[in-house]
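Remarks on the structure that follows.
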Amino acid sequence: MTSSEFDQTAGDYPPPPAAKPWYRRTPVIIGAIVAVLVAAYLILAAVMGDRVPQGTKVAGVDVGGMTSSEADAALHQAFDSRLAEPLKVTMGDKDGELVPADAGLGVDIDATVKKLTGFTLDPRMVFAHFVGGATIDPRLAIDDEKLSSTLTAIGDSLATAPVDANVVFTDGKAEITVPKAGTKLDVEAASSTVRDNFLSASESIDLPTTAIEPEIGADQLDAVKRDIIDPLTAGPVTVSVGDIKVELAVPELTALASVDMVGNKLTLDSDALKELVIEKSPELGSSGKDAQIIMEGGKPVVVPSQPGRALNSDDLTAKVTTAAQSTEKTANVELTEAEAEFTTEDANKLGVKEIIGEFDTPLTADRVRTKNLIVGSKIISNTLIKPGETFSLLNALGPVTYERGFVDSGVVESGFATKALGGGLSQLSTTTFNAAFFGGMDLVEFRQHTRYFSRYPEGREATLWGPSLDMKWKNPTNYGVLVDAYVADNRVHVRLWSTKTFEVKSWTSPRRNLTSPQVVYNQRPDCKPEYGTTPGFTVDFGRERYKGGQLHDKKSWTWTYNAWPIVKCGKPE
8 MTSSEFDQTA GDYPPPPAAK PWYRRTPVII GAIVAVLVAA YLILAAVMGD
58 RVPQGTKVAG VDVGGMTSSE ADAALHQAFD SRLAEPLKVT MGDKDGELVP
108 ADAGLGVDID ATVKKLTGFT LDPRMVFAHF VGGATIDPRL AIDDEKLSST
158 LTAIGDSLAT APVDANVVFT DGKAEITVPK AGTKLDVEAA SSTVRDNFLS
208 ASESIDLPTT AIEPEIGADQ LDAVKRDIID PLTAGPVTVS VGDIKVELAV
258 PELTALASVD MVGNKLTLDS DALKELVIEK SPELGSSGKD AQIIMEGGKP
308 VVVPSQPGRA LNSDDLTAKV TTAAQSTEKT ANVELTEAEA EFTTEDANKL
358 GVKEIIGEFD TPLTADRVRT KNLIVGSKII SNTLIKPGET FSLLNALGPV
408 TYERGFVDSG VVESGFATKA LGGGLSQLST TTFNAAFFGG MDLVEFRQHT
458 RYFSRYPEGR EATLWGPSLD MKWKNPTNYG VLVDAYVADN RVHVRLWSTK
508 TFEVKSWTSP RRNLTSPQVV YNQRPDCKPE YGTTPGFTVD FGRERYKGGQ
558 LHDKKSWTWT YNAWPIVKCG KPE
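Under the working numbering, think of the first position of the sequence shown as 8, with each following residue one higher.
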C-alpha cells in the first residue's frame, strides 16, 4: 500500500468523542454518595441498635448506653420495688394508700426496652446515640378493672359522709348541727390521675372528689329556726283548764320536744307531757278509779273500775304544741269523760283465777319476829304483777319503819346473831321465793343465807337486807299474777294466783363438803353466845319447767353454807 493509500484509509476513521461536561456526571456522583451514606446509615443503625442512646432516662431511671439486657435488668430493679411499695393517696383531709402492683398498675418493660433498642431507621433514635437521648415515658401495663375496683374501695374508706342539719335541746337551749357537704371519690378521674402519676409521685397523690350534699340543708334549718326553735324557746306556755293554770317552763317543754327537720314539725312526748301537767297540778289527774284484783273470801275478785274526767292526751299535746309555736303561749284545755287506765275488762283479761304456785314455812317461837311477818304479809298481799313485770320484795314492802308496824327482831349481821328493824322478813322472802319457784316465774335475783336455817329448803331460800339484797322474780306469762300472803296455823303462807302456764319439777342433792364449826369471839355489847349446832355444807338444787308437755328450760344452782360458829363473848383467852 502506497502512502497515499494509507492516508486515504486513515481518513476513513471518525474522530474520538469529545469529553462530557462535569454537570452531566453530577447525578451519578450524587447517587454514589447517597448509596455510600445509606450504606453507612444502615451499618450505623445496625451497630447502634442493641444499645440505648446515651443520656436516656425512663421515668427517672438512667439506662443510657446500656444494652437491651442491661436496660431490662435496670428497669426491673427500679420498677419492681417501686410497684410493690405502698403509695400514699389523699382524699380531702384523709390519707390512704395503695400498692400499685396490687391495684393493677404495672410497666411493660419488654416493650419499653424494645422501643429504645433494636434496629430502626428512625433518624431520631439513630442520631440520639451521638447527641444524647431524652427522658421518655415507659410503656404501661394497666388492668383498668382492677384499678377501678381498688380505687372504689379506697374511696369508700376515705369518703366523708354529709352532715345533716339537726337540732336537739339541752337545758332549754337549742344545740344546732350545721349542715356540711360530704365528699366521695370520682373514680374515673382518680383512675386517670393515678395512672399518670403513680411512677413519678414523690409524695401523696391527691385524688379528685365530688361533693355529696346533705339531705337536710341550710334551707330546712332556717325554716326550723324560724318556725320552731325561736318561738319554742321564747318563753313558757300556760296550760289553762278552767280556773287551773299550769305553767310549763322552756326547759320543761324542750325536754319533751323533738323536731322533724324534713317536715319542719315539732313533736312533744304526749305521755310525758300529761304526766308533767298532772305532777304540777294533781287535781287534773283522772277522777276515775282503776279496777283492782284483790283476795276476798279466800279467792281473787275483780273490783270494777269507774270512769271519770281526765285530760285527753292528744288534745293536750296538740294545743300545747300550737301554743309553744305562737306568740299567745296559752293552751286552753278541757277535761273530758274518760275510762280508767286499768279497766274492769283489762282486769278480767288477766286470767287471775287459780293457784299456780304456793309455799309455806314454819314460824319460830319468837312472837316479836312473827309480828314483822304478819305486817309484811299484809303489805305485799294483793300485789298484782302484770305480764312482763318484775316483782321486787323490797319495793312491795316499801319503807320498813316503826311507824308502819315493824319491830326489832333477830338477824345475822357480819356473821353474828343480833337484832335489827324488820328482823325475820327473810322468812317472808324465802316463802314468796318458793311460791314463785313452783309457779314457774323467772328468778331474777335472790341470795341465800350464809348459814343454814332448818325451817327453809336447803339452797332454795332467799334472805333480805335492804337496800343491797332484794328478792326479785319476773312474770313471763301472758296472765296477771296476784300475791296472796298471810300468817296462819303457825306458818307463813304465800300463794300466787293466775292461769297455770308451767308444770314445774324440782330436785335437791344430798349435802356434801361438810365443815365443822369454828370458835370466834364477839366483843360487841349485844353479843349472844352460840354453840355451833349446824355444820356447813354445799348443796345443789334445780328446776325444770314444762310448757304444753314439752321441756321449756332447766336450770341448777349451787350454794355453800358456813357452819354455825361457836361464838364466845369477849376477847380471846
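Each residue gets a CB set at the ideal place from its N, CA and C atoms; glycine is no exception.
For I300, the enclosing beta strand (DSSP E) stretches over residues 299 to 303. Residue state for N482 is assigned as coil, using DSSP reduced to three classes. Of the candidates V327, A330, V253, G405, V253 places its Cα closest to the Cα of G292. Inter-segment contact for the region 92 to 102 and the region 205 to 222 is present: three or more beta-carbon pairs are separated by less than 8 Å. By the CB criterion at 9 Å, I301 and L357 fall outside the cutoff.
Taking all protein chains shown into account, P572 has 16 or more neighbouring C-beta atoms within 10 Å of its C-beta and is therefore buried. Annotation: the region 193 to 248 contains the following complete segments of the alpha helix (DSSP H) (minimum length 4 residues), in chain order: 194 to 204, 225 to 231. Within the model, the alpha-carbon separation for L112 versus T217 is close to 24 Å.
By alpha-carbon distance to F349, the top candidate from K296, N204, E510 is K296. Its chain contains K191 as the residues whose beta carbon lies nearer than 6 Å to that of A166, once the 5 sequence neighbours on both sides are disregarded; these appear in chain order. With fewer than 16 other Cβ atoms from the protein chains shown falling within 10 Å of its own Cβ, K180 counts as exposed. Contact annotation: V310 and L275 have beta-carbon atoms that are not nearer than 9 Å. Secondary structure note for N529: it is in no alpha helix (DSSP H), and the uninterrupted beta strand (DSSP E) holding it is 526 to 529.
Straight-line measurement puts the Cα of L503 at about 6 Å from the Cα of E365. Where P369 is concerned, there is no enclosing alpha helix (DSSP H), although the beta strand (DSSP E) around it starts and stops at 361 to 369.
Counting only residues of its own chain and dropping the five nearest sequence neighbours on each side, T425 has a CB closer than 8 Å to the CB of G417, V418, V419, R531, D533, K535. Within its own chain, the residues whose Cβ lies closer than 8 Å to the Cβ of V451, once the five positions on either side in sequence are excluded, are T397, K479, W480, K481, listed in chain order. Judged by DSSP in its simplified three-state form, N441 adopts helix. If you compare the alpha carbons of E303, K512, L239, D477 with that of L401, the shortest gap goes to D477. For D322, the enclosing alpha helix (DSSP H) has its first and last residue at 320 to 331. Among the bridge pairs identified by DSSP, D560 is matched with R552. Residue nearest to L432 within the set G224, T470, L323 is T470 (criterion: CA-CA distance).
The beta-bridge partner set that DSSP reports for P307 consists of M302. Distance from the CA of K575 to the CA of Y538, rounded to the nearest whole angstrom, comes to 9 Å. Within 10 angstroms of the beta-carbon of R58 lie 16 or more other beta-carbons, which makes it buried. The beta carbon of R498 lies closer than 7 Å to those of D367, T368, P369, L370 in the same chain, with the five residues before and after it left out. Per DSSP, the continuous beta strand (DSSP E) segment holding V499 begins and ends at 498 to 505. The beta carbons of S333 and P238 sit about 7 Å from each other, so the pair counts as a contact at 8 Å. Just so you know, the alpha carbons of T457 and T541 end up roughly 12 Å apart.
The count of Cβ pairs closer than 8 Å, one atom from the region 170 to 180 and one from the region 144 to 154, stays below three, leaving the stretches out of contact. Within the same chain, Cβ atoms closer than 8 Å to the Cβ of K360 are found at P307, W504, S505, T506, the five residues on either side in sequence being excluded.
About 5 Å separates the Cβ atoms of V244 and K336, confirming a contact at the 8 Å cut-off.
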